[in-house]
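Comments concern the structure below.
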């Protein structure tokens with residue numbers, strides 16, 4: 026799902042598994058600062074329910090996204106791939122990079138990761154009950 030964002034944005038977009046959507050228009054005085062692509066990749070119970078795509082599983086939906094600010098070092102990256110654990114309450118509890126170092130470089134640790142830890146999601150559900158889920162996301166600055 027491609028989402029164009031500017032500053033702090035509340036989103037009410039339904040996420041479908043592994044589908045791309047046209048950019049969400051956000052009313053803002055300035056152009057969008059970055060874009061995101063999300064898709065769920067697994068749950069902490071990888072070998073048991075719920076499995077991504079299983080009947081009764083509904084992925085999380087981004088509700089609040091905080092754009093990292095004042096991070097000139099991020100502009101040098103242009104793109105990045107990351108994975109977060111979205112807890113059953115919709116908060117982000119962990120993040121790692123899909124590039125070395127997986128714990129993030131100095132710039133990511135100082136500017137990007139603190140912003141991501143403030144993101145909030147409508148939780149994923151399985152058979153109507155909130156569940157934690159790992160979400161992959163691509164970031165284009």
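In our numbering, the protein residues as written are 26 to 166.
Backbone N, C-alpha and C define an ideal beta-carbon position, used for all residues, glycine too.
Is the beta carbon of residue j closer than 8 Å to that of residue i?
{"i": "residue 157", "j": "residue 117", "result": "no"}
{"i": "residue 63", "j": "residue 138", "result": "no"}
{"i": "residue 8", "j": "residue 122", "result": "Within the shown structure, residues of the chain are numbered from 26 to 166, placing residue 8 beyond reach of any answer."}
{"i": "residue 146", "j": "residue 115", "result": "yes"}
{"i": "residue 136", "j": "residue 164", "result": "no"}
{"i": "residue 69", "j": "residue 77", "result": "no"}
Helix, strand or coil for residue i per DSSP?
{"i": "residue 157", "result": "coil"}
{"i": "residue 62", "result": "strand"}
Locate the beta strand (DSSP E) running through residue i, then write down its first and last residues.
{"i": "residue 122", "result": "117-122"}
{"i": "residue 101", "result": "Careful: residue 101 lies outside any beta strand (DSSP E), inside the alpha helix (DSSP H) at 97-102."}
Opposite residue i in the DSSP bridges: which residues?
{"i": "residue 86", "result": "147"}
{"i": "residue 165", "result": "60 and 104"}
{"i": "residue 67", "result": "159"}
If distances are taken between C-alpha atoms only, which option among the options comes closest to residue i?
{"i": "residue 152", "options": "107, 84, 130 and 165", "result": "84"}
{"i": "residue 149", "options": "86, 79, 78 and 102", "result": "86"}
{"i": "residue 134", "options": "107, 155 and 160", "result": "107"}
In the DSSP assignment, the alpha helix (DSSP H) including residue i goes from what residue to what residue?
{"i": "residue 139", "result": "138-141"}
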